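**Student:**
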Amino acid sequence: MKLAVLTSGGDSAGMNAVVRAVVKAGILQGCETWVVREGYEGLVRGNTGVEQQDPVLPPPPPEVHIKDDNFLKNFRFGDGELLKDGTGDLPTGRTLKGRYIVRVGWDDVRGWITEGGTLIGTARSKSFRTPEGRMAAAYNMIKEGIDALVVCGGDGSLTGADVFRSEWPKIVVSLREQGKITEEQSKLHAHLKIAGLVGSIDNDMSLTDLTIGAPTALHRICESLDNINSTAISHSRAFVVEVMGRHCGWLALLAGLASGADFVFIPESPPETNPWEDEMCAKIQRHRDMGKRKTIVIVAEGAHDKELQPIRADYVKDVLSERLGLDTRVTTLGHTQRGGKPCALDRIWPTLQGIEAVKALLEATPETPSYMIGICENKIARIPLMEAVATTQAATKAIKDKDFAKAMSLRDPEFVD
Ligand code: F6P
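When you number the sequence shown by our numbering, it's gap-free, plus one each residue, and the end is 531.
(1) Excluding five sequence neighbours on each side, which residues of the same chain lie with their C-beta closer than 6 angstroms to the C-beta of R159?
(2) Which runs of the alpha helix (DSSP H) fall wholly inside the stretch 322-351 and span at least 4 residues, in chain order?
(3) Would you kindly work out how many angstroms separate the C-alpha atoms of Q292 and M249, rounded to a whole number?
(4) Shortest alpha-carbon distance to G140 belongs to which of L233, G225, A262 and S348?
(5) Going along the chain, which residues of its own chain have a beta-carbon closer than 6 angstroms to the beta-carbon of D199, five neighbours each way excluded?
(6) What first and last residue would you give for the alpha helix (DSSP H) that runs through E391?
(7) Could you give the residue range of the alpha helix (DSSP H) that holds W364?
(8) What do you reckon, is the C-beta of M486 under 8 angstroms from a heavy atom of the ligand F6P?
(9) Given 8 angstroms as the limit, tell me if K126 has its C-beta closer than that to any heavy atom belonging to the ligand F6P.
(10) Per DSSP, what kind of secondary structure is V218 in: helix, strand or coil?
(11) Hey, A309 and A478: beta-carbon distance below 9 angstroms or not?
(12) Under 8 angstroms from any heavy atom of the ligand F6P, does the C-beta of H449 make it?
(13) Taking C-alpha atoms, which residue in V132, L321, E146 and V216 lies nearest to A508?
(14) Between G374 and K420, what straight-line distance do the alpha-carbon atoms span, to the nearest angstrom?
(15) In the structure shown, what three-state DSSP assignment does K116 receive?
(16) Which parts of the stretch 277-307 are runs of the alpha helix (DSSP H), unbroken and 4 residues or longer, counting only runs that do not cross its ends?
(17) Can you tell me whether M404 sits near the ligand PLP, meaning its C-beta is under 8 angstroms from at least one heavy atom of the ligand?
(18) If I measure Cβ to Cβ from A474 and keep anything under 7 angstroms in the same chain, skipping five residues before and after, which residues do I get?
(19) May I ask whether a heavy atom of the ligand F6P can be found less than 8 angstroms away from the beta carbon of S271?
(20) Do V354 and K431 have their C-beta atoms within less than 9 angstroms of each other?
(21) Give me the Cα-Cα distance between R452 and C336, rounded to the nearest whole angstrom.
(22) Relative to the C-alpha of I260, which residue among S271, G219, L306 and C362 is closest?
(23) Using a threshold of 9 angstroms, state whether the C-beta atoms of L371 and T409 are closer than that.
(24) Whole angstroms is fine: what's the gap from W463's alpha carbon to L438's?
(25) Are the CB atoms of F242 and E155 within a distance shorter than 9 angstroms?
(26) Let me check one thing: in DSSP terms, what residues is Y485 bridge-paired to?
(27) What did DSSP end up calling K240 once you bin it into helix, strand or coil?
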């Protein structure tokens, strides 16, 4: 199998661990391994440049196969840290200009498990959303002989992968008719195998317990809240902290639990009363009356009231200042939540998920559904991708329909209790 991996959509900690695991597991299973730079955009652009090899380098390693007992001896270490210098070139002299689909070896992903963001780049590709873009992407993959793809991204990116897979047979026929690929290539590449891994700090995908990057982002928020707590206590101040999460309140809710916040606003469970100001003020005043010297209110970026009117951190600050007389500040944590080194969980789970993705692809047939490799009750699980996407989208729709109990249960059934 010739296997490529790409990252798509917003970056998240743990994406590099996925790429590393897919590459290493692929090699150990006898696959040829590739990375695609800049997400789907890289697939569409393909390879126009010529990969140049430094003439003093030894020749590339022979095809390595797990059945070869000596396979470890055959690895050529020293290809080194693909793209890490940001120029797109390998330190050993392989020039990658104009090349988005790059063959990689064991050592190209060395050390990636500890790195934040995604070293192969990510993008929100407009061209891949068009049929012409997907046709170009398929052509570029077939040219390199790639027949399997691992995509690590959010629900939009994974839906894109499933659409691509279902259109693939028709695209192949069309490429053959246009004379762009040979009869033999069209037979060899009649079907595409895909596997999806959810990379998102928001933990917003249903049917999996955790998305890749969510534990790190939560940890980052908790560290910031610890810092805010100490200054808040010193001045007996209130802080309104805005956290990311798009339509999902997981980061805000769990950060509230982990830091002992006084009040948390999340999209799935707006304040019980509307207007909500009295409800919030009564709770906070009670905490102050009990002797609390600081007040922390967390606002998820997608928070709103029961009528779907947005709740903004600045407005919450005004309410706390004017009604309770609290000296209040607003802190927006922004992209500090998304960057930085992955925590242990965002190294361990993505590694196991990457290995499982390779296994799922090796076992895939044209009849098996596209799988999302998720986590269910502490076990790695293959979940039909489109079922997970549909449930996620139903949760977002339930919020728009003001059916908040349904939204909560679709996000995470266990949380309802
Ligand atoms: O989906 C991840 C996320 O970080 C959301 O929490 C946030 O709403 C969004 O991406 C921010 O996107 P951008 O980096 O494009 O501003």
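Positions of the beta carbon are idealized from the N, C-alpha and C atoms, including for glycine. Note that the coordinates shown come from a computational prediction; the quantities given were computed from them, not determined experimentally.
**Tutor:** This is what the structure gives:
(1) Mapped onto the sequence shown, residue 159 falls at position 45. Excluding sequence neighbours, R159 sits near Y214.
(2) 328-349
(3) To locate residue 292, count along the sequence shown from 1; it is residue 178. To locate residue 249, count along the sequence shown from 1; it is residue 135. Distance between the alpha carbons of Q292 and M249 is about 11 angstroms.
(4) Looking up residue 140 in the sequence shown gives position 26. Considering only alpha carbons, the answer is A262.
(5) The residue labelled residue 199 in the question sits at position 85 within the sequence shown. Note that D199 scores a pLDDT of 40, beneath 50, so its modelled location is shaky; the value from the coordinates is reported in the next line. So the list is empty, once near-sequence residues are dropped.
(6) Position 277 of the sequence shown, counted from the first residue, corresponds to residue 391. First-last of the alpha helix (DSSP H) with E391: E391 to D403.
(7) Here residue 364 refers to the residue found at position 250 of the sequence shown. Here the alpha helix (DSSP H) through W364 covers W364 to S373.
(8) Stepping through the sequence shown from its first residue, residue 486 is reached at position 372. Flag unset: Cβ of M486 not near the ligand F6P.
(9) The count along the sequence shown starts at 1 and reaches residue 126 at position 12. The residue you asked about is not Lys; residue 126 is Ser in the sequence shown. Within the cutoff, so yes.
(10) Counting from one through the sequence shown, the residue named residue 218 turns up at place 104. Residue state, collapsed to three classes: coil.
(11) Residue mapping note: residue 309 aligns to position 195 of the sequence shown, counting from 1. Residue mapping note: residue 478 aligns to position 364 of the sequence shown, counting from 1. In contact: A309 and A478 (Cβ atoms closer than 9 angstroms).
(12) Against the sequence shown, residue 449 aligns to sequence position 335. Correct: H449 has its Cβ closer than 8 angstroms to the ligand F6P.
(13) The count along the sequence shown starts at 1 and reaches residue 508 at position 394. The shortest C-alpha separation from A508 is found at L321.
(14) As a position in the sequence shown, residue 374 is number 260, starting the count at 1. As a position in the sequence shown, residue 420 is number 306, starting the count at 1. Cα-Cα distance, rounded: 24 angstroms.
(15) Here residue 116 refers to the residue found at position 2 of the sequence shown. K116 falls in the strand class under three-state DSSP.
(16) 297-302
(17) For the structure depicted, the ligand PLP is absent and the ligand set comprises only the ligand F6P.
(18) If you number the sequence shown from 1, residue 474 lands on position 360. Correct list, in chain order: A309, Y485, I487 and R496.
(19) By one-based count along the sequence shown, residue 271 stands at place 157. For the ligand F6P, not one heavy atom lies less than 8 angstroms from the Cβ of S271.
(20) Locating residue 354 in the sequence shown gives position 240, counting from the first residue. Locating residue 431 in the sequence shown gives position 317, counting from the first residue. Yes, the pair counts as a contact, with Cβ atoms nearer than the cut-off.
(21) Taking the first residue of the sequence shown as 1, we reach residue 452 at position 338. Taking the first residue of the sequence shown as 1, we reach residue 336 at position 222. Rounded to the nearest angstrom, the two C-alpha atoms are 13 angstroms apart.
(22) Here residue 260 refers to the residue found at position 146 of the sequence shown. Cα-wise, what sits closest to I260 is L306.
(23) Within the sequence shown, the letter at position 257 stands for residue 371. Within the sequence shown, the letter at position 295 stands for residue 409. The answer is no: Cβ separation not under 9 angstroms.
(24) Against the sequence shown, residue 463 aligns to sequence position 349. Against the sequence shown, residue 438 aligns to sequence position 324. When rounded, the distance between both Cα atoms is 44 angstroms.
(25) Looking up residue 155 in the sequence shown gives position 41. Looking up residue 242 in the sequence shown gives position 128. In this structure, F242 lies closer than 9 angstroms to E155 by Cβ.
(26) For the purposes of this step, residue 485 is taken as residue 371 along the sequence shown, with counting starting at 1. A309 and P498.
(27) To locate residue 240, count along the sequence shown from 1; it is residue 126. Looking at K240 - three-state DSSP - the assignment turns out to be coil, as it is neither helix nor strand.
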